[in-house]
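In the working numbering, the protein residues as written are 2 to 433.
Cβ coordinates follow ideal geometry from the N, Cα and C atoms, glycine included.
I have placed the structure first, in the form of structure tokens, so that the comments after it can refer back to it.
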């Protein structure tokens, strides 16, 4: 009865407009109080303890730093220089600017772990450029929103950091390595329908007439941006620093590039950058800490085992259960953001994963692919919200374009399910 109330209270609070973090914390606290009604303090001392325990994990220190990295590189002009370099390589023509937008978003995924930050950085440059070339704003917003979703697959990734905290046996370096190949495949899969739709509907007619940036000059200007993922990921692989330390190194590298090399960031700009990053980090970490209360109430009320047993004994078999979980998460992904999905569902899915002896790193990549899909699946698509705001269009206008790209990334998820080595080969090769 109390377990039912837990979910009813959570859903009810969300439907009346309570922020998801507060809904998780309030529903969990109410369930804890009812379960301990015979004790003097109703067991509520567990609430502050689990609030702190949800935050007191070393890998979570990387989240504010990677969010800050995203803000710094957004303002440093790195995205614009990478776009010019990419255009210098692939040239001008119908479908080339969408290709460049996706490629640059994938590359920036190796710098920042935040999809919305990536959408803002790429969208700020590419949506205006695509509009000048004759692409409809709704199409441009769809391409940028979908492209930014590769950010949580290509390391460093906030989603992988959250997952590693929740799942024993899944280390951050192993998850980062496992996301690389599926992340690149997802980007390539997005390029195919984006270029096809552009050419089919004769978009970008003005693009071929625009000048092509000189190759060597654009390479020289993009060098500092190109070196960032090499420093971050190469330093982790070489053992120079942990993922959390890598985030701090990336912050100082970004500040050096923005303030000394490109001189696009001044001392006066630091306060708005820090404020913006602090606000976004606070939102993420408060949701994480309040979800700790919800997870504690789930475990103490004994909800997880009966739900897991019901799914395992449903008669669907291993792949039937996996299909059921994908359908469930696709549906949930239309309404919740990725971090919330992890925090709510990973504790429930962990016993199922252990029952079928699925590799925790592979399973984390599958879940993250699902979250990536959710980031540009209407009606609640955080990346698409950002790109639509930049393009000045309503999200409904993107459905006809974004559907094809959702299908393309879904095929990548099916491929990783069918061939687990797509995710597991690189971690094994690197010795994780």
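Assigned secondary structure, residue i (DSSP; H/G/I helix, E/B strand, else coil)
i: residue 188; result: helix
i: residue 170; result: coil
i: residue 359; result: coil
i: residue 155; result: coil
i: residue 378; result: coil
i: residue 203; result: coil
i: residue 124; result: helix
i: residue 134; result: coil
i: residue 390; result: helix
i: residue 180; result: helix
i: residue 269; result: helix
i: residue 433; result: coil
i: residue 264; result: coil
i: residue 420; result: coil
i: residue 352; result: helix
i: residue 95; result: coil
i: residue 401; result: helix
i: residue 276; result: helix
CB of residue i within 9 Å of CB of residue j, strictly
i: residue 374; j: residue 142; result: no
i: residue 163; j: residue 180; result: no
i: residue 123; j: residue 106; result: yes
i: residue 94; j: residue 208; result: yes
i: residue 47; j: residue 301; result: yes
i: residue 131; j: residue 29; result: no
i: residue 425; j: residue 363; result: yes
i: residue 67; j: residue 83; result: no
i: residue 278; j: residue 69; result: yes
i: residue 230; j: residue 433; result: no
i: residue 356; j: residue 383; result: no
i: residue 287; j: residue 64; result: no
i: residue 73; j: residue 388; result: no
i: residue 186; j: residue 365; result: no
i: residue 361; j: residue 296; result: no
i: residue 144; j: residue 402; result: yes
i: residue 160; j: residue 343; result: yes
i: residue 195; j: residue 100; result: yes
i: residue 140; j: residue 97; result: no
i: residue 400; j: residue 379; result: yes
i: residue 341; j: residue 33; result: no
Buried versus exposed call for residue i [16 or more other C-beta atoms within 10 Å across all chains shown]
i: residue 151; result: buried
i: residue 182; result: buried
i: residue 59; result: exposed
i: residue 1; result: Residue 1 is absent from the model: the chain starts at 2 and stops at 433.
i: residue 75; result: buried
i: residue 12; result: exposed
i: residue 430; result: exposed
i: residue 369; result: buried
i: residue 253; result: exposed
i: residue 332; result: exposed
i: residue 222; result: buried
i: residue 408; result: exposed
i: residue 203; result: exposed
i: residue 225; result: buried
Residue i at chain B interface by Cβ criterion, 9 Å
i: residue 364; result: Looking for chain B here will not work: only one protein chain is present.
* Start-end ranges of the alpha helix (DSSP H) lying completely within the segment 280-337, minimum 4 residues -> 305-313 and 318-334
* **At least three beta-carbon pairs within less than 8 Å, the segment 46-57 to the segment 251-269** => no
* To do: Please list the segments of the beta strand (DSSP E) lying wholly inside the segment 209-259, counting only runs of 3 or more residues, in order along the chain.
  => none
* Let me know the alpha helix (DSSP H) ranges lying completely inside the segment 14-91, each 4 residues or longer, listed in chain order. => 21-36, 47-56, 63-76 and 79-91
* **Any 3 or more C-beta pairs closer than 8 Å across the segment 250-259 and the segment 90-106** => no
* Take every Cβ of the segment 270-282, pair it with every Cβ of the segment 311-325, and state whether three or more of those distances are shorter than 8 Å. => no
* Is the segment 202-216 touching the segment 88-95, taking contact as three or more C-beta pairs under 8 Å? -> yes
* Counting pairs of Cβ atoms below 8 Å between the segment 280-294 and the segment 10-30, do you hit three or more? -> yes
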